[in-house]
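Asker: Input: one structure, supplied below.
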């Protein structure tokens, strides 16, 4: 098994936001899901597998957590440790996060074609 790599919480938020946008969520909902997934990761309750494949399916849980005030990564126990040392993510999960998030970035030529 490959050794986990340290990933900053802000990087998980960014990648998850992109994945959620590609999955069809609007800005606010994508941001909410991304922040909640990061909170869960910091707390040791990884949702990355679910989030990578179907982030829109986590929106209800993210909204519930938001009502309880549990979607700000900076307020989760362990946040400061995570920012200093990173969160341990398996290379396979990080690779899946990275590759799934790349679909958010579209080449300018592709966008020009869509506008026609």
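In this note's numbering, the protein residues as written are 440 to 555. Backbone N, C-alpha and C fix where the C-beta goes; we use that ideal spot for every residue, glycine too. These numbers come from a predicted model, not from an experiment.
If we call anything under 8 Å between Cβ atoms a contact, is residue 445 one with residue 524?
Answerer: It is a contact, given that the beta carbons lie within the stated cut-off.
Asker: What separation, rounded to the nearest whole angstrom, lies between the Cα atoms of residue 522 and residue 480?
Answerer: Cα to Cα, residue 522 sits roughly 13 Å from residue 480.
Asker: Among 514, 529, 495, which has the Cα closest to the Cα of residue 485?
Answerer: Closest option to residue 485, Cα to Cα, is 529.
Asker: Can you say whether residue 531 is buried or exposed, counting buried as having 16 or more other CB atoms within 10 angstroms of its CB?
Answerer: Residue 531 comes out exposed.
Asker: Closest by CA to residue 539, which one among 454, 508, 474?
Answerer: Taking only the C-alpha atoms, the option nearest residue 539 is 454.
Asker: Can you round the beta-carbon distance between residue 452 and residue 512 to whole angstroms, since I take them to be within the 8 Å contact cut?
Answerer: With 8 Å as the limit, residue 452 and residue 512 qualify as a contact, their Cβ atoms being about 7 Å apart.
Asker: For residue 474, count the other beta carbons within 10 Å of its own beta carbon; 16 or more makes it buried, fewer makes it exposed. Which is it?
Answerer: By the neighbour-count rule (16 or more Cβ atoms within 10 Å), residue 474 is buried.
Asker: Going by DSSP, what residues sit across from residue 526 in a beta bridge?
Answerer: For residue 526, which the question treats as bridged, DSSP gives the partners 446.
Asker: Nearest-angstrom Cα distance between residue 450 and residue 497?
Answerer: If you take the alpha carbons of residue 450 and residue 497, they lie about 19 Å apart.
Asker: Who are the Cβ neighbours of residue 492 in its own chain at under 6 Å, not counting the five residues just before and after it?
Answerer: Once the five neighbours on either side are set aside, residue 492 has no close Cβ partner at all.
Asker: Return the chain-ordered ranges of every beta strand (DSSP E) run that is complete within the stretch 460 to 534 and spans a minimum of 3 residues.
Answerer: Qualifying beta strand (DSSP E) stretches, in chain order: 526 to 528.
Asker: Please state whether DSSP places residue 539 in a helix, a strand or coil.
Answerer: In the structure shown, residue 539 sits in a helix (DSSP, three-state: H, G or I).
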